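To keep things clear, I will list the structure first and then write my remarks on it.
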Amino acid sequence: MEQKSNQYVLIKSFPIKEILGFVVLFAGLFIFLFPQGELEKRIFQEENSNLDLSIVYLKNISKIYKTPEIVGALAIRYAMKGDYSKAYETINESKKFFSYDKKNLLIAEYTILKNMYFSNQEQKKEIIEKIERLLENLVSTTKDSDDLFWAIKESKTLGRYAFVKYLIQKYMYLCNDDTECDSFILKSALATGDSEFASQIAIKIAKKRGIINVDSNF
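In our numbering, the protein residues as written are 461 to 678.
Dropping the structure here:
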């Protein structure tokens with residue numbers, strides 16, 4: 461409470477133009493001092509106790525140092541504030557510049573939709589359909605087992621077990637010979653509560669690993 465009170469006094473002590481000036485100057489120094497990749501890490505580690513200042517800060521950084529990570533962070537801050545139209549506007553504008561890097565923008569868009577899902581009771585069905593399309597888009601675009609992990613975990617968090625089964629059936633091949641990935645897939649199959657489905661997945665993994673004969677009638 462004391463920290464927030466001090467922040468409020470500081471903000472009230474300076475005209476808004478001076479605060480914005482400090483933000484622009486600080487953003488420029490931050491970019492100069494931290495190499496590529498480190499700046500994004502610093503931004504994501506910060507606690508954004510004041511969303512308005514955080515948005516101003518990220519907007520100014522994006523004018524002189526635009527990356528998918530920073531633009532995505534800005535869109536997420538808009539969503540946290542409840543300004544979903546601005547969040548989507550930021551994402552859609554950025555797609556023109558970062559067509560080569562869909563992953564970070566898809567993750568940011570997912571975060572926006574997830575915020576909307578938990579705050580909008582009337583459009584839950586429509587939003588969850590968008591979420592599922594987006595998660596599959598991410599996995600099919602990157603074809604990365606780590607992104608499959610993430611998409612399945614998020615789907616389980618949302619209680620979308622039918623979609624978890626769909627992702628497993630269609631994309632478990634991304635595990636290749638990764639034992640950890642196979643283990644995760646099997647645990648996720650069990651988490652769906654469908655024992656027959658989990659058995660089918662277990663048999664597929666066992667055949668792939670040579671534990672049982674490929675020509676077996678299992």
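Beta carbons are placed, not taken as given, at the ideal position from N, Cα and C, and that holds for glycine.
Source: prediction; values computed, not measured.
Three or more C-beta pairs under 8 Å: does that hold for the stretch 526–537 against the stretch 548–566? yes
query = Where in the stretch 627–672 do unbroken runs of the alpha helix (DSSP H), each at least 4 residues long, occur, reported from the N-terminal end onward?
reply = 639–651 and 655–668
Query raised in the report: Do you know offhand how far residue 565's Cα is from residue 600's?
Result: 15 Å
ask   = Is residue 525 helix, strand or coil when you go by DSSP?
value = coil
Review point. Per DSSP, what kind of secondary structure is residue 560 in: helix, strand or coil?
Key: coil
- prompt: In this structure, does DSSP put residue 543 in helix, strand or coil?
  reply: coil
> Taking the continuous alpha helix (DSSP H) assigned at residue 620, which residues delimit it?
Replying inline: Where residue 620 is concerned, there is no enclosing alpha helix (DSSP H), given that its DSSP letter is neither H nor E.
What does a CB cutoff of less than 8 Å around residue 658 pick up in its chain, not counting 5 residues either side in sequence? 646, 649, 650 and 652
Going by alpha carbons, who is nearest to residue 576 out of 529, 631, 637 and 540? Its Cα nearest to that of residue 576, the residue 540 stands out among 529, 631, 637 and 540.
- prompt: Leaving out the 5 sequence neighbours to the left and right, which residues in its chain are closer than 7 Å to residue 523 when beta-carbon positions are compared?
  reply: Correct list: empty, nothing qualifies.
Is it right to say residue 517 is buried, meaning 16 or more other beta carbons lie within 10 angstroms of its own, or is it exposed?
buried
Closer than 7 Å by C-beta to residue 544: which residues in its own chain qualify, once you throw out the five before and the five after it? Chain order, please.
572 and 576
Should residue 661 be labelled buried (16 or more other beta-carbon atoms within 10 Å of its own) or exposed?
buried
Point to revise | Integer-rounded CB distance, given that residue 638 should sit under 8 Å from residue 605 | key: 6 Å
| field | Rounded separation between residue 519 and residue 578 - CA only | value | 26 Å
Fill in: Whole-angstrom C-beta distance between residue 592 and residue 623, which should lie under 8 Å
5 Å
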